[in-house]
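The opening residue of the sequence shown carries number 1 in the working numbering; numbering runs sequentially from there.
Virtual Cβ for every residue (Gly too), placed ideally from N, Cα, C.
Quantities reported herein were computed from a predicted structural model and do not represent experimental measurements.
Structure first, commentary second.
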Amino acid sequence: MAMKANLDKVTIVLKGPKFPGNVGSVARCAKNTGISQLIVVGNRDLDDEAVRQMATHVSKDIVNGIRHFDTLDEALAGFTWIVGTTARQGSGRGPVVSPRRMAETLVELSQENEIALLFGPEDTGLTNDDLRFCQTLVTIPTVGFKSLNLSHAVMILCYELLVARMEKPETFTPKLASSRELEGMYGQLKATLQAIGFLNPENPDYWMMHIRRLLARTTLHAREVKIIRGICRQIEWYGDHKERKQEVTKNS
Numbered sequence: 001m002a003m004k005a006n007l008d009k010v011t012i013v014l015k016g017p018k019f020p021g022n023v024g025s026v027a028r029c030a031k032n033t034g035i036s037q038l039i040v041v042g043n044r045d046l047d048d049e050a051v052r053q054m055a056t057h058v059s060k061d062i063v064n065g066i067r068h069f070d071t072l073d074e075a076l077a078g079f080t081w082i083v084g085t086t087a088r089q090g091s092g093r094g095p096v097v098s099p100r101r102m103a104e105t106l107v108e109l110s111q112e113n114e115i116a117l118l119f120g121p122e123d124t125g126l127t128n129d130d131l132r133f134c135q136t137l138v139t140i141p142t143v144g145f146k147s148l149n150l151s152h153a154v155m156i157l158c159y160e161l162l163v164a165r166m167e168k169p170e171t172f173t174p175k176l177a178s179s180r181e182l183e184g185m186y187g188q189l190k191a192t193l194q195a196i197g198f199l200n201p202e203n204p205d206y207w208m209m210h211i212r213r214l215l216a217r218t219t220l221h222a223r224e225v226k227i228i229r230g231i232c233r234q235i236e237w238y239g240d241h242k243e244r245k246q247e248v249t250k251n252s
């Protein structure tokens with residue numbers, strides 16, 4: 001069984017959020033994607049009612065469980081892997097990865113490590129000093145305007161982790177037709193097409209080659225070969241039945 005991201009080991013950390021509505025929206029994103037832990041660093045004066053209004057009652061458990069810290073050092077002390085988010089890139093910030101690549105990396109790390117997804121204030125983002133705590137830096141690709149709403153950025157990262165958490169559903173793969181089954185079908189199909197005058201009698205194999213190529217592109221299943229052969233039998237029966245009927249009419 002493939003390894004899945006362990007979301008119980010993931011915490012969203014917001015440094016200095018300025019708007020209570022954004023914190024509530026982040027709580028809602030967390031609830032949507034199966035992440036249950038949220039930390040707010042600084043700004044303890046956010047309007048609690050505004051936070052709850054944006055979070056809605058469905059996310060009240062996450063809002064009730066918000067942990068508050070005054071400094072980033074304190075907030076991140078218990079984490080072993082920290083993912084920082086940045087829209088700005090440069091040599092001073094180091095290499096960055098996409099949200100999807102981040103999620104792939106965290107699948108294995110989340111099994112035994114406490115992981116923080118760190119987001120900066122809405123207006124400035126994380127500083128270079130903040131990013132020194134981070135082992136991974138993520139940039140969310142955008143077209144033109146780089147700035148994203150805080151909760152939108154959170155949702156994108158959490159969504160990628162949710163996808164990495166979900167198992168791929170088992171799919172049923174029907175049995176493909178064997179070479180013996182295919183050759184039997186092609187033989188019967190050739191005979192039927194000759195009987196109804198579809199194939200050029202001077203070079204029937206030339207046209208059968210094209211039919212083979214057409215059907216080969218569909219990766220025929222064993223059941224589908226039986227259907228085609230059944231159609232051929234029905235055509236043959238109809239031809240024989242029509243011929244007998246004409247013979248009876250002629251002799252009557």
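Round the Cβ separation of residue i and residue j to the nearest angstrom and send it over; I've been treating them as touching at under 8 Å.
i	j	result
residue 13	residue 117	7 Å
residue 150	residue 119	6 Å
residue 84	residue 126	6 Å
residue 196	residue 239	7 Å
residue 181	residue 143	No, residue 181 and residue 143 are not in contact; Cβ-Cβ is about 51 Å, not under 8 Å.
residue 26	residue 154	5 Å
Can you list, in chain order, the residues of its chain with a C-beta nearer than 8 Å to that of residue i? Leave out the 5 residues immediately preceding and following it.
i	result
residue 96	86, 89, 137, 138 and 139
residue 111	3, 6 and 9
How long is the line joining the alpha carbons of residue i and residue j, rounded to whole angstroms?
i	j	result
residue 44	residue 78	21 Å
residue 54	residue 130	27 Å
residue 206	residue 235	22 Å
residue 8	residue 36	7 Å
residue 108	residue 51	33 Å
residue 81	residue 158	16 Å
residue 237	residue 4	56 Å
residue 123	residue 11	22 Å
residue 71	residue 20	19 Å
residue 101	residue 73	26 Å
residue 229	residue 214	16 Å
residue 223	residue 176	8 Å
residue 247	residue 241	10 Å
residue 42	residue 76	13 Å
residue 257	residue 106	Residue 257 is absent from the model: the chain starts at 1 and stops at 252.
residue 128	residue 46	25 Å
residue 202	residue 250	31 Å
residue 121	residue 146	15 Å
residue 49	residue 174	56 Å
residue 178	residue 218	14 Å
residue 113	residue 209	59 Å
residue 227	residue 115	55 Å
residue 243	residue 216	33 Å
Excluding the five sequence neighbours on either side, which residues of its own chain have a C-beta within less than 7 Å of the C-beta of residue i, listed in chain order?
i	result
residue 40	14, 17, 23, 66 and 68
residue 156	99 and 140
residue 232	188, 189 and 192
Any beta-carbon of chain C closer than 9 Å to the one on residue i?
i	result
residue 150	This model lacks chain C altogether, as it is built from one protein chain only.
The ligand ADP and residue i: does any heavy atom of the ligand fall closer than 8 Å to the residue's C-beta?
i	result
residue 114	Ligands are entirely absent from the displayed structure, and the ligand ADP is therefore not among its contents.
Leaving out five residues on either side along the sequence, give the residues of the same chain with a beta carbon under 6 Å from the beta carbon of residue i.
i	result
residue 199	193 and 207
residue 103	160, 161 and 164
residue 133	76 and 82
residue 220	177
How about the segment 178-187 and the segment 137-157: do they share at least three Cβ pairs that are nearer than 8 Å? They do not touch, by the three-pair rule.
Are three or more beta carbon pairs between the segment 29-43 and the segment 56-72 nearer than 8 Å? yes
Length at least 4, wholly inside the segment 116-142: the alpha helix (DSSP H) runs in chain order: 128-131
Every unbroken alpha helix (DSSP H) inside the segment 146-195 [4 residues or more]: 150-165 and 179-195
Identify every run of the beta strand (DSSP E) within the segment 46-87, keeping only runs that are complete inside it and at least 3 residues long; order them along the chain. 67-69 and 81-85
What are the complete beta strand (DSSP E) segments, minimum 3 residues, inside the segment 9-51? 10-15 and 37-41
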